[in-house]
DNA sequence: GAACCGCGGTCAATCGATTGACGATGCGCC
DNA sequence: GGCGCATCGTCAATCGATTGACCGCGGTTC
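Chains as they are written, first to last, in the numbering used here: chain X, 0 to 349; chain E, 0 to 349.
Right under this line is the structure:
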């Protein structure tokens with residue numbers, strides 16, 4: 000059981016624990032090079048690791064961050080985000096607590112309290128899908144950064160969100176530069192934040208290219224009976240593709256919607272990408288790569304989001320310690336890379 | 000900043016910290032009911048929460064568990080597992096550290112050390128896909144339970160793994176009771192542990208039903224050029240379904256393989272489930288529900304795995320404290336529930 | 001009336017590190 | 001020789017809780 004304590008190291012090196020601590024924390028000017036050498040050797044020989052609990056008690060820094068989210072950890076989106084955050088944290092020798100709160104605010108508050116009782120150094124507050132919202136009350140006064148969440152103007156925290164607009168712009172540009180002009184957009188319900196942004200990106204590019212036709216935008220009605228995204232994609236596509244002046248390309252709100260587009264194309268005997276080009280959004284694992292042909296889509300920069308959030312949080316914590324530097328704040332847009340696969344081709348001029 | 004300390008509570012209640020601690024930890028026999036009442040009231044009024052770092056320093060229990068895995072956290076499988084573990088841990092007021100080690104053993108060792116420096120109470124060691132393996136050296140001497148990993152015989156730890164065999168049995172029985180007799184099985188490479196078990200389940204049921212035809216088992220060759228699972232599913236299905244005595248049902252190794260089966264059926268103009276019944280395995284999100292018709296499949300009991308692992312780990316920790324009770328060990332098979340959707344029907348006797 | 005007991009509570013050591021306040025030692029300089 | 005000043009270290013308090021040892025007191029018991 001017996002872990003090696005600072006005292007053991009000190010004894011082995013023939014100095015006091017004070018000196019040992021000083022050396023190991025590199026507080027220069029209070030020990031000689033010889034002593035330092037001895038201490039360090041003893042430490043490595045014994046395999047000493049400071050007890051972070053005790054250290055934290057004294058310094059009130061636990062080298063531990065918390066990643067709190069509503070649902071994120073239980074969605075297929077989570078993977079890269081967690082990994083990005085963990086990697087960044089680990090660079091600075093921090094570890095991550097991860098908790099899912101679901102939508103229950105009381106539960107969330109409990110978890111946050113429990114995290115504070117463990118003296119975490121800061122919080123990453125993440126949302127599964129982009130939304131507006133505030134930082135939970137319980138995190139007040141602590142370093143926090145947001146992820147995929149739009150904070151209120153007056154919030155002192157920084158937040159990282161995917162740049163949906165430019166992602167949509169890239170997607171549509173991809174189609175335009177392949178030669179398409181009649182491009183449809185099948186989108187979600189209009190209260191969905193990401194929907195608005197992707198639509199804005201679409202509209203912007205199309206208008207600039209002089210080929211915006213609002214008639215080719217299909218928005219899922221609020222009172223839609225089914226809001227299964229692939230079903231909606233199929234229904235909308237069927238309708239669009241049956242028109243005599245059917246679009247030659249479809250920009251789908253997301254990859255699940257694109258699944259529906261594929262189904263519709265199949266039903267109508269339209270080949271992708273020969274007769275119809277398709278671009279999705281999200282680059283969802285198991286979707287984008289399993290469709291045939293594989294789907295060209297826009298990836299959500301989850302790994303970057305995680306990395307940036309953790310790095311920034313660490314900076315905020317450090318700034319807190321030095322209680323000098325102003326801390327970062329504001330919403331930061333992170334670019335969404337285009338992932339080219341095989342669902343886009345030139346329009347079929349027949 | 001100032002958190003409420005035990006001392007504050009004690010002062011407010013007019014007692015010593017010793018008494019306050021005794022009351023709050025319910026060590027009966029050393030205080031009167033009146034005092035207890037006063038202390039408790041003071042505690043709730045001030046919103047007291049013990050500092051778990053300090054507490055842990057003294058008691059060497061941090062109410063914190065670690066979930067260490069190779070890749071699990073970054074796969075779509077992870078979700079439910081994490082949630083299950085978190086829920087179970089939370090029941091006992093524990094929180095979870097989660098780390099991904101990737102396949103780098105040195106990194107793994109570092110992380111484990113770091114976790115021990117934080118004095119976690121125990122480890123859940125999880126694998127992404129079922130495999131054989133030992134507990135990392137660094138966890139020796141600590142409470143550990145495994146997940147989706149087959150431990151060596153002599154291991155003192157318990158491990159929870161899905162009962163692949165009975166899952167396969169259920170899947171095939173589903174087909175048999177729908178009336179099928181010519182059932183094919185498209186499986187993975189033969190060194191994959193889960194492959195062997197699912198195949199065993201298939202073979203067992205088929206033999207019992209007197210309709211085992213090994214010719215209908217298609218195993219992905221070891222030296223296969225592409226080991227993309229859906230491609231393989233498609234290739235194998237095409238071949239099987241082109242036979243004059245084609246099978247009326249296919250049990251696919253997993254849902255991704257089933258995607259290929261669907262594609263093949265479509266190419267050949269076979270309808271599911273009218274002309275061909277299909278059962279998958281894994282119940283992968285975004286696959287099983289997005290295929291049309293939706294796929295009948297066997298779910299991996301990830302949530303249960305997580306829950307059981309955490310609960311058991313907590314028991315082991317408790318047993319350690321009471322240093323009495325023998326700790327659970329051995330590999331525990333957790334049942335895989337059948338998920339009925341729409342890809343199974345009676346055989347088409349035409 | 002002395003010894004003893006149980007009850008209700010407090011003292012102070014302890015967990016393992018950090019760090020401000022203090023030495024001790026040696027050297028240079030007037 | 002004495003003073004000042006670095007340089008190199010150690011002492012001991014501290015972070016916030018837990019807990020074995022101990023204590024005072026009123027009541028029994030013989």
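Where a beta carbon is used, it is the ideal one built from N, C-alpha and C, also for glycine.
Min CB distance residue i to chain E below 7 Å
{"i": "residue 53 of chain X", "result": "yes"}
{"i": "residue 308 of chain X", "result": "no"}
{"i": "residue 57 of chain X", "result": "no"}
{"i": "residue 48 of chain X", "result": "yes"}
{"i": "residue 229 of chain X", "result": "yes"}
Under 7 Å by beta carbon: chain X residues contacting residue i
{"i": "residue 97 of chain E", "result": "95, 97"}
{"i": "residue 69 of chain E", "result": "Here the premise fails: no neighbours, minimum Cβ distance about 12 Å."}
{"i": "residue 112 of chain E", "result": "48"}
7 Å Cβ cutoff, residue i in contact with chain X
{"i": "residue 36 of chain E", "result": "no"}
{"i": "residue 118 of chain E", "result": "yes"}
{"i": "residue 258 of chain E", "result": "yes"}
{"i": "residue 26 of chain E", "result": "no"}
Under 9 Å from the C-beta of residue i: neighbouring residues of chain E
{"i": "residue 286 of chain X", "result": "285, 286, 289"}
Chain X residues whose Cβ lies nearer than 9 Å to that of residue i
{"i": "residue 303 of chain E", "result": "Result: empty, since nearest Cβ-Cβ is about 15 Å, beyond 9 Å."}
Residue environment, residue i, which counts as buried when at least 16 other CB atoms sit within 10 Å
{"i": "residue 0 of chain X", "result": "Per-residue confidence for residue 0 of chain X stands at a pLDDT of 48, beneath the threshold of 50, marking its modelled position as unreliable; no derived number is given."}
{"i": "residue 347 of chain X", "result": "exposed"}
{"i": "residue 151 of chain X", "result": "exposed"}
{"i": "residue 243 of chain X", "result": "exposed"}
{"i": "residue 136 of chain X", "result": "exposed"}
{"i": "residue 231 of chain E", "result": "buried"}
{"i": "residue 345 of chain X", "result": "exposed"}
{"i": "residue 157 of chain E", "result": "buried"}
{"i": "residue 49 of chain X", "result": "buried"}
{"i": "residue 247 of chain X", "result": "buried"}
{"i": "residue 226 of chain E", "result": "exposed"}
{"i": "residue 5 of chain X", "result": "buried"}
{"i": "residue 295 of chain X", "result": "buried"}
{"i": "residue 273 of chain X", "result": "exposed"}
8 Å Cβ cut-off: residues of chain X touching residue i
{"i": "residue 221 of chain E", "result": "Near residue 221 of chain E there are no residues of chain X at all, since even the closest Cβ is about 23 Å away, more than 8 Å."}
{"i": "residue 130 of chain E", "result": "Simply none; closest approach about 20 Å."}
{"i": "residue 255 of chain E", "result": "285, 289"}
Under 7 Å by beta carbon: chain E residues contacting residue i
{"i": "residue 61 of chain X", "result": "52"}
{"i": "residue 85 of chain X", "result": "98, 99"}
{"i": "residue 262 of chain X", "result": "291"}
Same chain, Cβ closer than 7 Å to residue i, neighbours up to 5 away in sequence not counted
{"i": "residue 334 of chain E", "result": "162, 165, 300"}
{"i": "residue 51 of chain E", "result": "61, 62"}
{"i": "residue 91 of chain X", "result": "313"}
{"i": "residue 329 of chain X", "result": "157"}
{"i": "residue 332 of chain X", "result": "160, 162"}
Own chain partners of residue i with C-beta closer than 6 Å, once the 5 adjacent residues on each side are dropped
{"i": "residue 264 of chain E", "result": "271, 275"}
{"i": "residue 38 of chain X", "result": "12, 19, 22"}
{"i": "residue 35 of chain X", "result": "22"}
{"i": "residue 187 of chain X", "result": "194, 219, 252"}
{"i": "residue 290 of chain X", "result": "261"}
{"i": "residue 233 of chain X", "result": "259, 262, 263"}
{"i": "residue 293 of chain E", "result": "340, 341"}
{"i": "residue 178 of chain X", "result": "345, 346"}
Contact set for residue i: own chain, Cβ-Cβ below 8 Å, skip 5 residues either direction
{"i": "residue 139 of chain E", "result": "none"}
{"i": "residue 46 of chain E", "result": "3"}
{"i": "residue 112 of chain E", "result": "137"}
Alpha helix (DSSP H) segments (min. 4 residues) lying fully within the stretch 252–317 of chain X
254–266
Return the chain-ordered ranges of every alpha helix (DSSP H) run that is complete within the stretch 153–230 of chain X and spans a minimum of 4 residues.
163–176, 192–207
Let me know the beta strand (DSSP E) ranges lying completely inside the stretch 28–70 of chain X, each 3 residues or longer, listed in chain order.
The stretch 28–70 of chain X contains these whole beta strand (DSSP E) runs: 63–68.
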